[in-house]
Structure formats: C-alpha cells, structure tokens
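Asker: Numbers 0 to 200, taken from numbering that gives the first Met the number 0, label the letters of the sequence shown in order.
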Amino acid sequence: MLASAYDEAFPAGFTSVVERHAAAIFAEDLLAAGLSGLVLDIGCGAGHVTHNLSLRGLEVMGLDPSPAMLGLAQQRYPELRWVLGDASLTQLLDDRRALAGIIARYSLIHVDPERVPGILATWAERLQPEGHVLVAFQCSEDPALPVREFDHKVAPAWRWHPQAMAEVMNRAGFSERWRLVAAADDQHRFAECHLVLQLRP
Ligand SMILES: C[S@@+](CC[C@H](N)C(=O)[O-])C[C@H]1O[C@@H](n2cnc3c(N)ncnc32)[C@H](O)[C@@H]1O
C-alpha cells in the first residue's frame, strides 16, 4: 500500500532537474574514470533511477529492504537484477565482486547515524580502488546540529549537514569529488545534497 502510494507520488524517480543531472554526472564521471563492473543502487525503491543509470551505460543492480518496493521494480524492469537487502550489504556476502560504484539516494538517511560509520566501512570493503559513491540526502543547514532526526512519513530518518556527511565518509576512506546542494523549494521541504566521493586507493 505504502509502496504503491510512493510509486504514484514519484512516478519518474527524479523530482527535479538537479537530481536528474546529478545522476547523469555520476554515471558519465564513473565511466570517464575507466571504472567498469557493477554499480549497486542501495535503497533503489521502485527502481526508476536504477533503470535510468542502466540506460546511461552502467551495469546496475538494485537492492532494497522492502519486498513491496522491490516487487514494483521487478515488475517494471524485469530485465534488471534486484536483490532484497539493506545498506549493511550482509545479504551480498556471497557476491564477492568488487563494485565499481554505489548510489544511495535518500536511503542512507534511514540508517541510525550511529551505524553509519560501520556501514560505510563495509561499502569501502566492497568497492574497487577509486570506486565512486553518490549519496543524496536532505540537509541540516545548521552546522551546530549536523545530524538531526526529522519527521519522515515512511520511516525514521535523519538529515545531515553536507560537511558532516563528507567528514564521516572521509573517515571511512573516501575523498570528495563534487557536491551539489539544491535549496528548499515548493516541492522540497529541505535543502538537498548530492555528494560524490571516491575510495582512496
Ligand atoms: C525515499 S526512497 C528512495 C528510493 C530511490 N533510491 C530513489 O531515489 O527514488 C527510500 C528507500 O530506502 C529504502 N530503505 C529504507 N531503509 C533502508 C536501509 N536501511 N538500507 C537500504 N535502503 C533502505 C526504502 O525501502 C526505500 O525504498
């Protein structure tokens, strides 16, 4: 029920031109860096963005902890690979392939901040040297409150100050490539950040 309501609210995945172009830059940048192999979409939801990235030439797989969301993705894009699992990647233990990239749009926000460093360490173990990561999240604009819970409709969620997210990722072994911050507007209650990093070799 929730999954189909979400799907109706976001029929195309992207909710702004900035989001669409951020995903396009991520894909082109990754390919231009000569990376090849699987790109994992963590918290892929209904799979629209996973599909968009496949059209941009990436080898993709979508992962989500919600069977209902994953069912929508599977139904709509049966040619792509979908796996039930969460950001901890414990469900991928048998798949030892080094990832070329990870995209986590508005899904890391649902992970308790205390668990985020451990999760990022796992991502670092799963990526190829210099593999790319894109995280998209609602921002805390107050550096004095770098991580704050907010009233997300679906599940507990936390907003991050972009610098706080960059720093926790830096401590997990990632260096920033670029970030894009879009201001809040009629459609977006908070400023939103797309932050792209790469694993240090
Ligand atoms: C707001 S939706 C975003 C969907 C998709 N990434 C997009 O950009 O359209 C958030 C998704 O994160 C998933 N999610 C929630 N908790 C998660 C976790 N611990 N690990 C990975 N994904 C999670 C939800 O099931 C949901 O599909």
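Don't be surprised by glycine CBs; every beta carbon is placed ideally from N, CA and C.
For the alpha helix (DSSP H) that P161 lies in, which residues bound it at each end?
Answerer: Position 162 of the sequence shown, counting from 1, holds the residue named residue 161. 161 to 170 is the span of the alpha helix (DSSP H), which, as asked, contains P161.
Asker: Between N51, E148, M168, which has its C-alpha nearest V134's C-alpha?
Answerer: Indexing the sequence shown from 1 puts residue 134 at position 135. Checked all of N51, E148, M168; the closest Cα to V134 is M168.
Asker: Considering just the uninterrupted stretch of the alpha helix (DSSP H) at D28, what are its terminal residues?
Answerer: As a position in the sequence shown, residue 28 is number 29, starting the count at 1. First-last of the alpha helix (DSSP H) with D28: 16 to 31.
Asker: Please specify which runs of the alpha helix (DSSP H), each continuous and at least 4 residues long, are wholly inside the region 57 to 88, giving them in chain order.
Answerer: You should have 66 to 75.
Asker: Just confirm the distance between the C-beta atoms of T49 and L98, as a whole number of angstroms; I'd bet it's less than 8 Å.
Answerer: Your numbering for residue 49 matches position 50 in the sequence shown. Your numbering for residue 98 matches position 99 in the sequence shown. Between L98 and T49 the Cβ distance is about 14 Å, and since that is not below 8 Å, they are no contact.
Asker: Kindly indicate which residue of P112, I101, L30 has the alpha-carbon position closest to the one of F149.
Answerer: Walking along the sequence shown from the start, residue 149 turns up at place 150. Comparing Cα positions, the closest option is P112.
Asker: Mapping DSSP to helix, strand and coil, what is G46?
Answerer: Reading the sequence shown from its first residue, position 47 is the one you call residue 46. G46: coil per DSSP, three-state reduction.
Asker: Would you call the region 117 to 129 in contact with the region 16 to 36, where contact means no fewer than 3 C-beta pairs closer than 8 Å?
Answerer: Contact holds: three or more Cβ-Cβ distances are below 8 Å.
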